[in-house]
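**Q** Residue numbers (the numbering used here): 1 to 94.
(1) Measure the CB-CB distance between residue 35 and residue 89 and report whether it falls below 7 Å.
(2) For the candidate residues 44, 52, 70, whose alpha-carbon lies nearest to that of residue 20?
(3) With a Cβ-Cβ cutoff of 7 Å, do residue 62 and residue 22 count as a contact?
(4) May I ask which residues mark the beginning and end of the alpha helix (DSSP H) holding residue 25?
(5) How many angstroms separate the CA atom of residue 57 from the CA atom of residue 30?
Encoded structure:
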């Protein structure tokens with residue numbers, strides 16, 4: 001059954017923003033979360049599980065982007081998570 005056209009996004013900028021947020025923002029966020037975990041936990045364990053869990057988390061974050069109505073909220077969420085993870089990494093290294 002095809003999608004109802006009135007619910008589809010017509011703006012090319014909105015489509016591009018959601019795609020870039022899903023692809024790049026999701027990947028950067030999932031990688032930042034695993035790097036923050038590696039700063040505080042055993043690096044060997046995090047490295048071994050991150051091969052699988054990064055992909056699963058990335059796929060979940062892609063879904064989250066398309067659940068949101070506008071792309072800038074996804075970018076804001078991803079950037080705030082990345083900043084928090086950067087602070088955790090900074091505090092964990094010292």
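Beta carbons: idealized from backbone N, C-alpha and C, even for Gly.
**A** Taking the definition as stated:
(1) For the purposes of this step, residue 35 is taken as residue 35 along the chain shown, with counting starting at 1. For the purposes of this step, residue 89 is taken as residue 89 along the chain shown, with counting starting at 1. Their beta carbons are under 7 Å apart, which means residue 35 touches residue 89 by this criterion.
(2) Counted from its first residue, the chain shown places residue 20 at position 20. That would be 70, whose Cα lies nearest to the Cα of residue 20.
(3) As a first step, residue 62 must be located in the chain shown, where it is residue number 62. As a first step, residue 22 must be located in the chain shown, where it is residue number 22. Yes, these two residues count as a Cβ contact at 7 Å.
(4) One-based indexing of the chain shown puts residue 25 at position 25. Premise fails: residue 25 is in no alpha helix (DSSP H) and is neither H nor E.
(5) For the purposes of this step, residue 57 is taken as the residue at position 57 of the chain shown. For the purposes of this step, residue 30 is taken as the residue at position 30 of the chain shown. Rounded to the nearest angstrom, the two C-alpha atoms are 6 Å apart.
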